[in-house]
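Here's the structure, in structure tokens; my notes come after.
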Amino acid sequence: MRLAAVVMAGGSALRMGGVVKPLLPVCGVPMIVRVLSALSPIADSVVVATSPSTTPFLKGVCSLLRPDSCIELAGSSYPADMRLASLIITKRPLLFVPADTPLLTSGVLEGFVKASLRMGKGLVTLLGRSGPVGISILLDHFNPWSNITLSDDSSLFNVNTWSDYVRANRLCSMQRS
27 MRLAAVVMAG
37 GSALRMGGVV
47 KPLLPVCGVP
57 MIVRVLSALS
67 PIADSVVVAT
77 SPSTTPFLKG
87 VCSLLRPDSC
97 IELAGSSYPA
107 DMRLASLIIT
117 KRPLLFVPAD
127 TPLLTSGVLE
137 GFVKASLRMG
147 KGLVTLLGRS
157 GPVGISILLD
167 HFNPWSNITL
177 SDDSSLFNVN
187 TWSDYVRANR
197 LCSMQRS
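Counting the sequence shown from 1 gives a position; this note's numbering is that position plus 26.
Printed below as a string of structure tokens:
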């Protein structure tokens, strides 16, 4: 299963004081590197989507990690940037993954993609224990929209606060030992 993927790395991280979350390390590895690693087995092309607030910091990441490309979107909202990215990247299916899901695994992504393809809906969103985590797959159009719940995976969450960041590092350390 090969598809195109967009790593959404344009958030302003206001709840965390405006840090560039994709560069925060979890178990010593920047979150964006962890997400790119999870995508590697299933995506034949990966684009990192930045915003005016993150582009200056992520330019080095784009040149070092060499995703297929980096694009700067408006950064107005996650859904608006998804729509804009889908106009720029026309390959389908198109998988959207936020850069702040550091414990995401390729196995979870592969299971989600397979289940989404079986559903055959326009847009399918993955729900974790606490709701949407920003992982979606666009099969053709944004409607109809449906959800898949993966409630049994405690490592499927976004780092939106400093307590989430501490939790991610704690869970990562537990997984390594």
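The C-beta atom is built at its ideal place from N, Cα and C for all residues, glycine as well.
Worksheet item: CB-CB under 7 Å to LEU110, same chain, minus the five flanking residues each way: which ones, in chain order?
Response: Against the sequence shown, residue 110 aligns to sequence position 84. So the list reads LEU99, ALA100, once near-sequence residues are dropped.
Worksheet item: Helix, strand or coil for ALA39 per DSSP?
Response: Here the question's residue 39 lines up with position 13 in the sequence shown. If DSSP states are grouped into helix, strand and coil, ALA39 belongs with coil.
Practice prompt. Drop a sphere of 10 angstroms on the beta-carbon of LEU90, count the other beta-carbons inside from all chains shown, and report buried for 16 or more, exposed for fewer.
Written response: Position 64 of the sequence shown, counting from 1, holds the residue named residue 90. Label assigned to LEU90: exposed.
Worksheet item: How would you write the range of the beta strand (DSSP E) that PHE122 sits in, first residue to last?
Response: As a first step, residue 122 is located in the sequence shown; it is residue number 96 there, counting from the start. Element bounds for PHE122: 120-124.
Item to complete: Tell me the start and end of each unbroken alpha helix (DSSP H) in the segment 112-186 that is at least 4 residues and wholly inside, in chain order.
Response: 132-145
Worksheet entry | Given ILE97 as reference, the closest of THR175, SER180, ALA35, PHE183 once Cα atoms are compared | Here the question's residue 97 lines up with position 71 in the sequence shown. For ILE97, the nearest C-alpha among the options comes from ALA35.
Worksheet item: Leaving out the 5 sequence neighbours to the left and right, which residues in its chain are closer than 7 Å to CYS88 when beta-carbon positions are compared?
Response: Locating residue 88 in the sequence shown gives position 62, where the first residue counts as 1. Once the five neighbours on either side are set aside, the close Cβ partners of CYS88 are VAL74, CYS96.
Item to complete: Pick helix, strand or coil for ASP70, following the three-state DSSP scheme.
Response: By one-based count along the sequence shown, residue 70 stands at place 44. Correct three-state label for ASP70: strand.
Worksheet item: Using DSSP with H/G/I as helix, E/B as strand and the rest coil, what is LEU65?
Response: By one-based count along the sequence shown, residue 65 stands at place 39. Helix at LEU65.
Worksheet item: Can you list, in chain order, the residues of its chain whose CB lies under 6 Å from that of PRO252, leaving out five sequence neighbours each side?
Response: Any property of residue 252 remains undetermined from this structure, which presents the chain solely from 27 to 203.
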